[in-house]
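Below: the structure, in structure tokens.
In the numbering used here, the protein residues as written are 86 to 646.
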């Protein structure tokens, strides 16, 4: 799409959308009619005031559709990804429907992780800033349960918790459910993936029959549909925000073809070149999270890892460092990151291409929030390029291929950074003592002040770096298709019989000239089995005899038996 070019798409509720590519390469969808403002809805004025103070004026698609349904008291199934404003979609209606005169529990929200429960509770409290009589409490494992019991005894209308801890309180009768009117399952698919289905069903069975049940999930697998059928009313409203509306916010998406051995070096160069203030790096395994976090720390980056094997205390420490700005790089697995909701993440790095397209949506949804721009970088090795094409097709988006920053680019960026730090020191520090020392030393020195300054800069920048050699995977090189590629490795049906076509011979010749070592090896095998000239004919004849002898030997064995 050229700069300024746009096209019309069908958006949520059938409204027309306009897809526009910005000058910086980011894409966004803009409604061709006015977006729905919070003030144009039936939301309480006190809640609107709090929401506007948080910097929000118009609703997201899931909020626009879910809030009216929730306010009407109907059951709801909401399918939407991370970063679409789901917490407000159920949190705002819950606050508005709470009876302030009733001090008992009136709403329960179940979340898969401790982090998500804490963040959801904090956000709902912010919505209820001017409704002082509404009390919200997060309950989760890892915190002293007696502390939660004391808080519950003082009167709490909304509980946000993990299934396990909610069940603990129910067994202790410290959490009374007889007056609960609203139950919400947030990130329902993730709770099922973590093995909470039995707990969820136990909790739902203990709730009053006359209640409102809302379920929010990124995906809708069969187990979730079974839960909705069993525990929701037949007229439950189904709302779906498709990936097309999720993956095209103000996020500039790019991928880089790399060799596996160069992934760490490419990652650090991208961090140095773009210098995001706060970044998330995603890996597919816990082991890779640990290895990468250690390697980045050895290189001098402020980075920590987050995955399911950490203790609750370790998880809290890492998240507090990241939220507080004392650490600017968080490395995580997909499951561990589902509970993370941190503002101002400027960049997401997919160190590993996710195995599931939905995970890609979740990952990049961590940046580009609340109208802010963000970037996503994906490192692609070989055939993983096919996964990128799948993501583009399913999510109706475009991920642009970029070149790895060159050694000269990185050197220039580092030099500018060092110079900026030096100027900042000049402007804000007292340099009299240092200047007197240098002035004295320079009198008898054979070096100039400029040479000394250059040496200091070189020391700060570190060793010289070299350009990374990139050997890109090109699907067009695979001219035979999957089945023929497998045959090519063992000589091929056509080559053994001497009937290979001119087209195949020409393709084999092209493969033999590839610079890539692995590709050259495959090409040489094909040249030996189907190439032109006397050596090729001898090879065909020899292979024909080998196959004939092999099958003849099998036939003789069968006759002997």
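For glycine and all other residues, C-beta sits at the position ideal for the given N, C-alpha and C. In this text the structure is predicted, and so the values were computed from the model without any measurement.
Nonlocal neighbours in the same chain, by C-beta distance under 7 Å from residue i, ignoring five residues either side
i           : result
residue 568 : In this prediction, residue 568 has a pLDDT of 42, which is less than 50 and means its spatial position is unreliable; what the coordinates show is noted afterwards. Cβ within range, chain order: n/a, list empty.
residue 298 : 160, 268, 316, 317
residue 305 : 164
residue 477 : 483, 484
residue 218 : 185
residue 406 : 389, 412
residue 273 : 300, 301, 302, 309
residue 155 : 161, 175, 178, 299
residue 380 : 349
residue 296 : 265, 266, 267, 268
residue 542 : 500, 503
Residues of its chain near residue i, where Cβ-Cβ distance is below 8 Å and the 5 sequence neighbours each way are ignored
i           : result
residue 464 : 340, 341, 343, 348, 351, 352, 434, 435, 436, 437, 438
residue 393 : 371, 418, 420, 421
residue 546 : 496, 499, 500, 503
residue 376 : none
residue 320 : 159, 160
residue 378 : 388, 389, 390, 416
residue 137 : 123
residue 534 : 523, 527
residue 307 : none
residue 566 : Here residue 566 scores only 46 on pLDDT, less than 50, and its place in the model is too uncertain to base an answer on.
residue 313 : 162, 300, 321
Residues that DSSP places opposite residue i in a beta bridge
i           : result
residue 497 : DSSP, once it has assigned bridges, lists no residue as partnering residue 497.
residue 130 : None, per the DSSP bridge assignment.
residue 378 : Residue 378 pairs with nothing; no bridge assigned.
residue 541 : Per DSSP, none; premise fails for residue 541.
residue 298 : 268
residue 161 : 299, 322
residue 435 : 367, 463
residue 195 : 246, 270
residue 391 : 417
residue 317 : DSSP lists no partner for residue 317.
residue 337 : 460
residue 342 : 465
residue 145 : Per DSSP, none; premise fails for residue 145.
Cβ-based neighbour list, residue i, same chain, cut-off 6 Å, excluding 5 preceding and 5 following
i           : result
residue 574 : Residue confidence for residue 574 is low, a pLDDT of 42 falling below 50, so the modelled location carries little weight; the figure read from the coordinates is stated next. Correct list: empty, nothing qualifies.
residue 323 : 162
residue 364 : 414, 432
residue 129 : 181
residue 189 : 264
residue 221 : 206, 209, 210, 243
residue 292 : 262, 265, 268
residue 621 : Caution applies to residue 621, whose pLDDT of 46 falls short of 50 and renders its modelled position unreliable; the value that the coordinates give is listed next. Once the five neighbours on either side are set aside, residue 621 has no close Cβ partner at all.
residue 213 : 180, 219
residue 445 : 439, 476
residue 69  : Outside the shown range of the chain (86 to 646) lies residue 69, about which nothing can therefore be said.
residue 126 : none
Anticipated Cβ contact below 8 Å, residue i with residue j, distance rounded
i           : j           : result
residue 489 : residue 553 : 5 Å
residue 280 : residue 247 : Going by Cβ atoms, the distance from residue 280 to residue 247 rounds to 12 Å, so no, they are not a contact pair.
residue 557 : residue 492 : With 8 Å as the limit, residue 557 and residue 492 do not qualify as a contact, their Cβ atoms being about 19 Å apart.
residue 442 : residue 479 : 5 Å
residue 202 : residue 223 : 5 Å
residue 359 : residue 460 : 7 Å
Distance cut-off 6 Å: residue i Cβ against heavy atoms of the ligand COA
i           : result
residue 389 : You won't find the ligand COA in this model; it holds no ligand whatsoever.
Practice prompt. Taking 8 Å as the threshold, find out whether the stretch 245-258 comes into contact with the stretch 283-299 through three or more Cβ pairs.
Written response: yes
Practice prompt. Scan the stretch 345-375 and note each continuous alpha helix (DSSP H) run of 4 residues or more that stays entirely inside, going in chain order.
Written response: Fully enclosed alpha helix (DSSP H) runs of 4 or longer: 348-359.
Discussion item. Just to confirm the assignment: which complete alpha helix (DSSP H) runs, minimum length 4, are found wholly within the stretch 459-538?
Written reply: 470-480, 492-513, 517-528
Worksheet item: Between the stretch 415-427 and the stretch 516-532, are three or more C-beta pairs nearer than 8 Å?
Response: Taking a cut-off of 8 Å for Cβ pairs, the stretch 415-427 and the stretch 516-532 do not touch, as fewer than three such pairs fall below it.
Worksheet entry | Inside the stretch 208-281 only - beta strand (DSSP E) runs reaching at least 3 residues | 221-224, 243-246, 267-270
Practice prompt. May I ask you to verify whether the stretch 224-237 touches the stretch 257-274, counting CB pairs closer than 8 Å and requiring at least 3?
Written response: Yes: the two stretches touch, three or more of their Cβ pairs being nearer than 8 Å.
Discussion item. Between the stretch 142-151 and the stretch 169-177, can you find at least three pairs of beta-carbon atoms closer than 8 Å?
Written reply: yes
Practice prompt. Report yes or no: do three or more beta-carbon pairs, one from the stretch 388-407 and one from the stretch 466-473, lie closer than 8 Å?
Written response: no
Practice prompt. Note down, one range per segment and in chain order, each alpha helix (DSSP H) of at least 4 residues found wholly within the stretch 398-432.
Written response: 419-422
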